[in-house]
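Novice: When we follow the numbering used here, the leftmost residue of the sequence shown carries the number -6, and every step to the right adds one. Cβ coordinates follow ideal geometry from the N, Cα and C atoms, glycine included. First the structure, then my questions, so here it is.
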Amino acid sequence: MKKQYLYRFFLLVLISAVGIFVVGKLRPEPISSQVQKEKFWSDKVHSTNKYDLIFEGDSRIYRGIDPKSVSKELKGLRVLNFGFSSGGHNELIFKEVENRLRNDKIIVLGLTPYSLTPKAQANKHYLQEKNRSQKDVFNRRFINPLFSFFDPIKPTDVIYYNDTIPGYYERFKKNGWVESRKIPFNPKAALPGYVKDFESNIVSEDVLKNLFEQIEKWIQKDIKVFALRMPTTEEMEKLENELSGFKENEIRKSIEEIGAKWIEVDNRYDYVSYDGSHLDRESARIFSSYIGRKINEVINEK
C-alpha cells in the first residue's frame, strides 16, 4: 500500500512538472519579461566573454544596434552591444570595453548629445548592475531564468496577438541588443524630457577632451576606432542641436584628426523612431546592416 501511494505521488509530481513545462512553452511571451530583463543586464555586465567589435554608448545604442545584423556584414566577427541607459563616455566604461576585446579589436562609439553631458558620466545604470551582490547576480543569470514561465502575463497577452496590444515591447538578446517597439508610436513623446535633460546639463568640453585622449590611446594600441552620431527624428536632432551644445562638425573633425573614422549616416531621418529618440526594431536592423557595411568598407580599404 505504501509503495502504491509513493508511486502515485511521484507520478503526480512528474505529470505536474511536465504540465507546467508545456504550458510555459506554449503560452505567449509577455511583451517585456522581467526575468529576461534582469538576466540580460547581469549577463552584459558580468560576462567574461570576448568580442572582436564592441559598440559603446547609451540607450540609443542598446536599442538601436543589432550585433547580429552587423556581424553578417563583417564575415561573422563577434559583436557586442555594450550600451546602457543614460550612459556616458568615461574611463570606467572605456576600461571595461577594452578588456573585452579580442583578435580584430574594433570599438564603435555611439555618440549622442546627452552621452557627452556631465550627468551622463555618472553611468548610474552600469554601476547599478556592476555593484549587485554576487548572490543576486548568480540568481539573475542562472536561477531565475529556470522559472521564467512564472513571469507575470496579462490576460490580454493571451487573447490578442502580440504587436496589437498597447505597451512597450522588448526582446532581450544575448548579444546586448534590446529589440524594441512601442505601441502606439509617438515620435514626439521623448521631446519634453530632453528639454528638461539639457537644463544646466549640456555637452562638456572636459568630457570631449577625455574622449579624444582615449581615442588616441586606443589608436596607439592598434585598436580600430569608429564614431557616429546615432540617428533619431529630425525634430529631436533639431532640439538637441539648439539646446545641448553638441557641435557635430567640430566633434567629427577632432575625431578624424586623431585618426579614428567617423561614420556619416546617409538619409539619417529615414529610420523610424517609436518615441522620438530610439529606433524601432525593424529600423534598428536595417541601420545595423548599414553600419556593418560602412565598417567593412573601411577595414577592407587597400
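Which class does ALA277 belong to by DSSP, given the choice of helix, strand or coil?
Specialist: The residue given as residue 277 occupies position 284 in the sequence shown. Reduced to three states, the DSSP call for ALA277 is helix.
Novice: From THR157, THR226, ILE195, pick the residue whose C-alpha is nearest to that of PHE239; which is it?
Specialist: In the sequence shown, residue 239 corresponds to position 246, counting from 1. PHE239 has its Cα closest to that of ILE195, out of THR157, THR226, ILE195.
Novice: So the beta strand (DSSP E) ARG222 belongs to, where does it begin and stop?
Specialist: To locate residue 222, count along the sequence shown from 1; it is residue 229. ARG222 -> beta strand (DSSP E) spans 217 to 222.
Novice: DSSP three-state label for GLY35, please.
Specialist: Taking the sequence shown and counting its residues from 1, one reaches residue 35 at position 42. Looking at the sequence provided, one finds Ser at residue 35 rather than Gly. Looking at SER35 - three-state DSSP - the assignment turns out to be helix.
Novice: From the DSSP output, read off the bridge partner residues of ARG174.
Specialist: As a first step, residue 174 is located in the sequence shown; it is residue number 181 there, counting from the start. According to DSSP, which records beta bridges pairwise, ARG174 is partnered with TYR162.
Novice: Helix, strand or coil: which one does DSSP assign to GLY57?
Specialist: As a first step, residue 57 must be located in the sequence shown, where it is residue number 64. Correct three-state label for GLY57: helix.
Novice: Would you call the CB atoms of LYS175 and TYR264 closer than 8 Å?
Specialist: As a position in the sequence shown, residue 175 is number 182, starting the count at 1. As a position in the sequence shown, residue 264 is number 271, starting the count at 1. No.
Novice: Is it true that the CB of PHE219 sits closer than 8 Å to the CB of ILE256?
Specialist: Taking the sequence shown and counting its residues from 1, one reaches residue 256 at position 263. Taking the sequence shown and counting its residues from 1, one reaches residue 219 at position 226. Yes. Within cutoff.
Novice: Could you name the residues of the same chain whose beta carbon sits closer than 6 Å to that of GLY269, not counting the 5 residues immediately before and after it, in chain order?
Specialist: Locating residue 269 in the sequence shown gives position 276, counting from the first residue. Taken in chain order, the residues that qualify are PRO180, LYS181, ALA182, ALA183, LEU184, THR226, MET229.
Novice: Going by DSSP, name the residue or residues bridged to VAL72.
Specialist: Counting from 1 along the sequence shown, the entry for residue 72 is found at position 79. The partner list for VAL72 (beta bridge, DSSP) reads LEU46.
Novice: How far does the beta strand (DSSP E) with ILE99 in it extend, from its first residue to its last?
Specialist: As a working mapping, residue 99 is identified with position 106 in the sequence shown. Per DSSP, ILE99 belongs to the beta strand (DSSP E) from 94 to 104.
Novice: Are GLN114 and ASN137 close, meaning C-beta to C-beta below 8 Å?
Specialist: Within the sequence shown, numbered from 1, the residue matching residue 114 stands at position 121. Within the sequence shown, numbered from 1, the residue matching residue 137 stands at position 144. Going by C-beta atoms, GLN114 is not nearer than 8 Å to ASN137.
Novice: Consult DSSP for LEU67 and reduce its assignment to one of helix, strand or coil.
Specialist: Here residue 67 refers to the residue found at position 74 when the sequence shown is read from its first residue. In this structure, LEU67 counts as coil in the three-state DSSP scheme.
Novice: Leaving out five residues before and five after ILE248 in sequence, what residues of the same chain have Cβ atoms less than 6 Å from its Cβ?
Specialist: Numbered from 1 along the sequence shown, position 255 holds the residue referred to as residue 248. ALA220, TRP255, listed in sequence order.
Novice: Between the region 125 to 137 and the region 193 to 212, can you find at least three pairs of beta-carbon atoms closer than 8 Å?
Specialist: No: the two stretches stay apart, fewer than three of their Cβ pairs being nearer than 8 Å.
Novice: If you run the structure through DSSP and keep just helix, strand and coil, what is SER266?
Specialist: The residue you call residue 266 lines up with position 273 of the sequence shown. DSSP places SER266 in strand when its eight states are reduced to three.
Novice: Verify whether the separation of the beta carbon atoms of THR105 and ARG53 is less than 8 Å.
Specialist: Residue numbering aside, residue 105 sits at position 112 when the sequence shown is read from its first letter. Residue numbering aside, residue 53 sits at position 60 when the sequence shown is read from its first letter. Yes; because the gap between Cβ atoms is below 8 Å, this pair is in contact.
Novice: Can you have a look at PHE14 and say buried or exposed, based on whether 16 or more other CB atoms are within 10 angstroms of its CB?
Specialist: Counting from one through the sequence shown, the residue named residue 14 turns up at place 21. The pLDDT assigned to PHE14 is 49, lower than 50, so where the model puts this residue is not dependable; a value taken from the coordinates is nonetheless given after this. With fewer than 16 Cβ atoms within 10 Å of its Cβ, PHE14 is classed as exposed.
Novice: Nearest by alpha-carbon distance to ILE334: which of TYR283, ASP259, ASN289, GLN207 is it?
Specialist: In the structure as shown, the chain starts at -6 and stops at 295, and residue 334 therefore has no counterpart that could be examined.
Novice: Can you have a look at VAL72 and say buried or exposed, based on whether 16 or more other CB atoms are within 10 angstroms of its CB?
Specialist: Sequence index remark: in the sequence shown, residue 72 carries index 79 (1-based). So VAL72 counts as buried.
Novice: Within 10 Å of its beta-carbon, does LYS18 have 16 or more other beta-carbons around it, so buried, or fewer, so exposed?
Specialist: For the purposes of this step, residue 18 is taken as the residue at position 25 of the sequence shown. Per-residue confidence for LYS18 stands at a pLDDT of 48, beneath the threshold of 50, marking its modelled position as unreliable; no derived number is given.
Novice: Confirm, please, whether the CB-CB distance from GLU49 to PHE33 is below 8 Å.
Specialist: As a first step, residue 33 is located in the sequence shown; it is residue number 40 there, counting from the start. As a first step, residue 49 is located in the sequence shown; it is residue number 56 there, counting from the start. Contact flag unset, no.
Novice: Ordered along the chain, which non-local residues of its own chain (more than five positions away) have a Cβ less than 7 Å from that of PHE87?
Specialist: As a position in the sequence shown, residue 87 is number 94, starting the count at 1. Counting only Cβ-Cβ distances below 7 Å, and skipping sequence neighbours, we find GLN207.
Novice: I think LEU272 touches GLY57, with their Cβ atoms under 8 Å apart; what is that distance to the nearest whole Å?
Specialist: Counting from 1 along the sequence shown, the entry for residue 272 is found at position 279. Counting from 1 along the sequence shown, the entry for residue 57 is found at position 64. Correct: roughly 4 Å between the Cβ atoms.
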